[in-house]
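Residue numbers (the working numbering), protein chains in the order written: chain A, 4 to 246; chain B, 4 to 246.
Right, one structure below, let's go through it.
Rendered as structure tokens:
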């Protein structure tokens, strides 16, 4: 049975990390909220599942995944659950935990990238917090982005199995998520990201290899890949690209 | 061999979620950075381990745990790793993932609580971002805190095994982390937390049961429990307690 992915239909957002894993593995899935309402899909179907008052595992927020009767939310937990089935993580417990540790560090950087345009709160528009966003983006571009990227660079360079992957000698969901993180940074902060990535050649090469994987390349060319836009996590506000 | 916990020695911070799991399980551990430098411990020992340029699994930041040769960072990943050994998670994969999903949602709320006093950036002092903190705290106290707490309330009430625990019929690390989250909210936002918790009786009872567990109670009375203070995640700035 196909997995059901539930996520907001007009943005890549956090759902994209799950979508990339499903696509790279060639796993069958339905992107529920992007389906037609008269086929029982669309946003109402997502809301119905999300708000089900009888559910014992209600997600706090999208994205969430439905696999038969099992529902799981939180991007990193979804990937933790899916990865063994999709063969996107090594079998050893230590490798599984290390992969997850990398994913959580990617998630932290994603949160910080998001907070550049929403420092004061998620309930306000960007336009209501522009001066604060400028201050926050300044620190993100000059301090946090280089620091995070250097950490990813260091771990891929130190991988005992070689720098083609983050963990061991095979593709993992952390590689896919790092690809997406770099995509997002380049979209939102083209100048600052170029500057920081110039000092991180190994992850830049990793990014290129992921983009060239046949299933990933086909996905990126397809209509299933939603373009970046100014409603998602990574937004191009040129005034915040403080290289 | 005793576990080594590496974390800043003067705050509860994120390390406290790991400490509570170790304490509740009665597991032997060394709180490295709080030890004596002439015994090879203290902050220099933590920094030495953290900055080891040959490490293949370097943590991005404390807390991190050393178990023999294996090093793991990221609070939630540390708990994911420790829980089976400490018997703080059920054996089924679905229960393990659900427990982790709850932990990640706790971590999200912890991040948001932290950002009330640091909305503009971690590199600045609170005193440099007080107006922004006020705006962010207003949303946190009136919208986000009640929303998160109602989610925890709903899942404990819906637990098919009864509302004594978050997952199944046994203590898990998610119960311990929810206890700590409520402790922190009550410290930092006494009025706003009281108001929100008045509508969440089941998690309040869970909190009380955790505090009364013999090993937890003994730990909380001990000197090993660092008091809350204004350097950690949960800080009592009365102007931000916007009930």
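For every residue, glycine included, the Cβ atom is placed at its ideal position computed from N, Cα and C.
Contact check for residue 219 of chain B against residue 88 of chain B fails: the beta carbons are separated by 8 Å or more. Residues of chain B with a Cβ closer than 7 Å to the Cβ of residue 146 of chain A are, in chain order, 126. Assigned with DSSP and collapsed to three states, residue 7 of chain A falls in strand.
With respect to the 8 Å criterion, residue 145 of chain B and residue 8 of chain B are not classified as neighbours on the basis of their beta carbons. For residue 202 of chain A, there is no enclosing alpha helix (DSSP H), as DSSP marks it with neither H nor E.
By the criterion of a C-beta distance shorter than 7 Å, residue 10 of chain B is surrounded in its chain by 16, 18, 36, 65 and 66, once the five residues flanking it on both sides are discounted. For the region 53-64 of chain B, the set of residues with a beta-carbon nearer than 7 Å to any beta-carbon of chain A comprises 59, 60, 61 and 63, in chain order.
The beta carbon of residue 183 of chain B does not come within 8 Å of any beta carbon belonging to chain A, so the residue lies off that interface.
The beta carbon of residue 147 of chain B sits closer than 6 Å to the beta carbons of 115 from its chain, once the five residues preceding and following it are set aside; these are given in chain order.
When secondary structure is reduced to three states using DSSP, residue 129 of chain A falls in the helix class. Among the residues of chain B, those whose CB is under 7 Å from the CB of residue 103 of chain A are 80 and 83, following chain order. Around residue 107 of chain B, the beta-carbon contacts reaching into chain A at under 7 Å are 77, 79 and 80.
Assigned with DSSP and collapsed to three states, residue 32 of chain A falls in strand. Against chain A, the beta carbon of residue 234 of chain B has no neighbour under 7 Å; the closest one sits roughly 19 Å away. Collapsing the DSSP output to three states places residue 92 of chain B in coil.
In chain order, 189 and 246 place their CB closer than 8 Å to the CB of residue 197 of chain A, counting only its own chain and leaving out the 5 sequence neighbours on each side. The beta-bridge partner set that DSSP reports for residue 67 of chain A consists of A:9 and A:76. Per DSSP, residue 178 of chain A is one residue of the alpha helix (DSSP H) stretching across 176-191.
In this structure, DSSP gives residue 217 of chain A a helical state, which the three-state scheme calls helix. With a threshold of 16 other beta carbon atoms within 10 Å, residue 59 of chain B falls short and is exposed. Residue state for residue 107 of chain B is assigned as helix, using DSSP reduced to three classes.
Annotation for residue 81 of chain B: 21, 68 and 75 place their beta carbon closer than 6 Å to its own, counting only its chain and skipping 5 residues before and after. Neighbours of residue 178 of chain B in chain A, taken as residues at a C-beta separation under 7 Å, are lacking, since the least C-beta distance is about 16 Å. Contact of residue 11 of chain A with chain B is not assigned, every C-beta pair being separated by 8 Å or more. Interface criterion not met: the Cβ of residue 166 of chain A is under 8 Å from no Cβ in chain B. Close CB contacts of residue 229 of chain B within its chain, under the 6 Å cut and outside five residues either way in sequence, are with 15 (chain order). By the criterion of at least three beta-carbon pairs nearer than 8 Å, the region 124-132 of chain A is not in contact with the region 97-110 of chain B. For the region 127-139 of chain A, the residues whose beta carbon sits under 7 Å from a beta carbon of chain B are, in order, 135, 138 and 139. Around the beta carbon of residue 13 of chain B, fewer than 16 other beta carbons sit within 10 angstroms, so the residue counts as exposed.
Listed in chain order, the non-local C-beta contacts of residue 92 of chain B below 6 Å within the same chain comprise 86, 99, 102 and 175, local neighbours out to five positions each way being set aside. Taking a beta-carbon distance threshold of 8 Å, residue 123 of chain A counts as an interface residue toward chain B. Taking a beta-carbon distance threshold of 8 Å, residue 206 of chain A does not count as an interface residue toward chain B.
Between residue 169 of chain A and residue 105 of chain A, the CB-CB gap stays under 8 Å. Out of B:83, B:124 and B:149, the CA that lies nearest to the CA of residue 24 of chain B is found in B:83. Excluding its 5 nearest sequence neighbours in each direction, residue 117 of chain B has C-beta neighbours in its own chain below 6 Å: 236, listed in chain order.
Judged by beta-carbon spacing, residue 206 of chain A lies within the 8 Å limit of residue 185 of chain A, meaning their Cβ atoms are closer than that value.
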